[in-house]
Amino acid sequence: MRSAAMVHLLCAAILGAFGVSLVVADDPYRFYTWTVTYGTVAPLGDPQQVILINGQFPGPKLEVVTNDNIVLNLINKLDQPFLLTWNGIKQRKNSWQDGVLGTNCPIPPNSNYTYNFQTKDQIGTFTYFPSTSFHKAAGGFGAISIYQRPLIPIPFPNPDGDFTLLAGDWYKTNHKTLQRLVDSGRPLPSPDGVLINGQAHSTFSCDQGKTYMFRISNVGLSTSLNFRIQGHAMKLVEVEGSHTIQNMYDSLDVHVGQSVAVLVTLNQAPKDYYIVASTRFMKTVLTATATLHYTNSLAAVSGPLPVGPTYQIHWSVEQARTFRWNLTASAARPNPQGSFHYGEITPSRTIQLANSAPLINGKRRFAVNGVSYVNADTPLKLADYFNIPGVFSTSSIQTFPTRSAASIATSVMPASLHEFIEIVFQNNERTVQSWHLDGYDFWVVGYGFGRWTPTSRRKYNLVDSLTRHTAQVYPNSWTSILVSLDNQGMWNLRSANWERQYLGQQFYLRVWNPVTSLSNEYNAPSNILLCGKAAGHHP
């Protein structure tokens, strides 16, 4: 037994030296080659340049199984550096593969990089998208569906089919023009429309009497959406990897960066029905439709579109509070795995984060606690790994809002591995915010109006709050989350609203333990790209 243990540890050390995760034999590897190019499509009627992956808009769906190892060679044929980030994939001990500018050098034009990561202990609906420049406004996004392993039961019968709805606001304007616009200090204009799966209209064919899963993701730049299906109720079963109490809904709000999965039973008369995605909290409502087609349909889609909410904030808050964790489900669990007692853990500290839109040097930017983030030429992860000074600051951003004048910095907030913390997102602006934390999911324990105070904790759900990776914060309101910091690395905490994160509403959380150990974090991969002050270093 001792000999076997020594061999196991030796294998772990060898694999770690090459930046490869240690997995058991039945965790299969899946290999992909994706080529990123420009192409021309006309999703809103006018031909425009978009970003294609393997010639597809949106990009290919990544369909994998819990604990699969993904080896994905990304070839960049654009005229600009490019990266993909894996929205909601936790990258256990492996922020080297996160695909954002704070962790990775961008892939130069006519070059490639091979991502190597594992869908460790996750089941559910996720997405990927470009993290560089304003590329997300041109496409390059796609779906990630992680299915359960055969021995892991899910809390509902296997559906008769599985469909993806990637929906989001869309601009006819070229992404480079949009980037120049916000760089000049001008606000991003209202979108021109909404797309579902890259189209203004699409069709989903299903059999009467059967039940289908619809995986819905908001892949837009800035706009919350509401989804509904004419004549059909939606049973919510999963939110970003959490199986939920299976409530029925006539319509669902999905905010920027979020994903949900619903079951829909075709129990109506055999005809065609509207699927609708419409914008929320805007003066002008934009709508995209698709068709739910019964294969034995006797009539085309007809009648008025099903009515949804437009600006009802209280309605959305009340709906959000009904999203609850299914504590009896035996599927993959968020960290800490299998724990239902998050409400009994006392946080080690509270971090309050307030978003703002200050003028800095005469131009509008966005900030967190008065600090507007700027990307460094050297990824923060590389600067930290190679002990390169002067790249980022761990003292520029405070853990609570201040009254100081807004400033610019490459801001990093230090944190300790295995801390359990409370984060309060305070939104004193009139727009809905959407916040995302890479590398983690977190318990969303409370929503409230006005300013958060310690007495606001009385409103927390400390029993069955679900976990997710992106949380909305309503206008002049707060949202509180609890996070178990058990994933070492340099992790991006950002606005999911692309204009806001691009102009500074983000920072990095450095989750750290001074003890070097493969049980805490993997070594740098052997194929790591080096740039900036890290050029010439060797992992």
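Quick note, the sequence shown lines up with residues -25 to -1, 1 to 514 if you use mature numbering (1 follows the signal peptide of the UniProt record, and there is no 0). The beta carbon of each residue, even a glycine, is placed where N, CA and C say it ideally should be. This one's a predicted model, so the numbers in the text were calculated from it and none came from an experiment.
Residue i, buried or exposed, once every other Cβ within 10 Å from all chains shown has been counted against 16
i	result
Lys434	exposed
Pro164	exposed
Phe424	exposed
Asn336	exposed
His289	exposed
Leu49	buried
Glu496	buried
His513	exposed
Ala509	buried
Ile320	exposed
Arg161	exposed
Ala274	exposed
Ala380	exposed
Pro33	buried
Asn51	buried
Asn91	buried
Leu334	exposed
Glu474	buried
Phe6	exposed
His218	buried
Pro3	exposed
Glu215	buried
Gly74	buried
Ser409	buried
Asn271	exposed
Lys95	buried
Val486	buried
residue 555	One cannot answer for residue 555 here, as it falls past the ends of the chain, which runs -25 to 514.
Met223	exposed
For residue i: DSSP bridge partner residues
i	result
Ala236	Arg190 and Glu213
Trp9	Leu49
Thr102	Asn62 and Ala118
Ala332	Answer is none; Ala332 lacks a bridge partner.
Ala252	Phe202 and Ala263
Asp247	His268
Leu504	Answer is none; Leu504 lacks a bridge partner.
Trp300	Thr219
Val16	Gln23
Gly4	It is worth fixing the name first, because residue 4 is Tyr in this sequence and not Gly. In the DSSP output, where bridge partners are listed per residue, Tyr4 has Asn44.
Asn87	Ile50
His207	Ile204
Arg324	Ile396
Ile127	In the DSSP output, where bridge partners are listed per residue, Ile127 has none listed.
Gln72	Looking at the DSSP assignment, Gln72 forms no beta bridge with any residue, so it has no partner.
Phe57	Ile82
Segment limits, beta strand (DSSP E) that includes residue i
i	result
Asp137	Gly136 to Trp145
His176	His176 to Cys181
Val157	First-last for Val157: His150 to Asp158, but that is the alpha helix (DSSP H), not the beta strand (DSSP E).
Gly168	Gly168 to Ile171
Glu38	Leu37 to Val40
Thr94	Looking at the DSSP string, Thr94 is not in any beta strand (DSSP E), and its letter there is neither H nor E.
Gln23	Gln23 to Ile28
Range covered by the alpha helix (DSSP H) that runs through residue i
i	result
Gln294	Ile288 to Arg296
Trp473	Trp473 to Tyr477
residue 577	The structure shown does not extend to residue 577, since the chain is modelled only from -25 through 514, so no value can be given for it.
Supposed close pair residue i, residue j - CB separation, criterion 8 Å
i	j	result
Leu141	Ala118	6 Å
Tyr415	His393	Contact doesn't hold; Cβ gap of about 13 Å is too wide.
Leu170	Pro18	5 Å
Leu238	Phe101	Not really, about 18 Å apart at Cβ, beyond 8 Å.
Phe482	Tyr348	5 Å
Asn330	Val343	6 Å
Phe375	Val448	So it is not a contact: roughly 16 Å between Cβ atoms.
Thr41	Phe104	Contact doesn't hold; Cβ gap of about 22 Å is too wide.
Trp71	Leu47	Actually they are not in contact, since the Cβ atoms of Trp71 and Leu47 sit about 14 Å apart, beyond 8 Å.
Residue i at chain B interface by Cβ criterion, 9 Å
i	result
Val251	Any reference to chain B falls outside this structure, which holds one protein chain only.
### Query
What are the start and end residues of each continuous alpha helix (DSSP H) run of 4 or more residues lying completely inside the region 328 to 405, in chain order?
Counting only runs of 4 or more, we get 355 to 360.
### Task
Ignoring anything shorter than 3 residues or poking outside the region 406 to 487, list the beta strand (DSSP E) runs there in chain order.
Those beta strand (DSSP E) runs which fall completely within the region 406 to 487 and span 3+ residues are 408 to 412, 417 to 424, 445 to 448, 452 to 460, 464 to 470 and 481 to 487.
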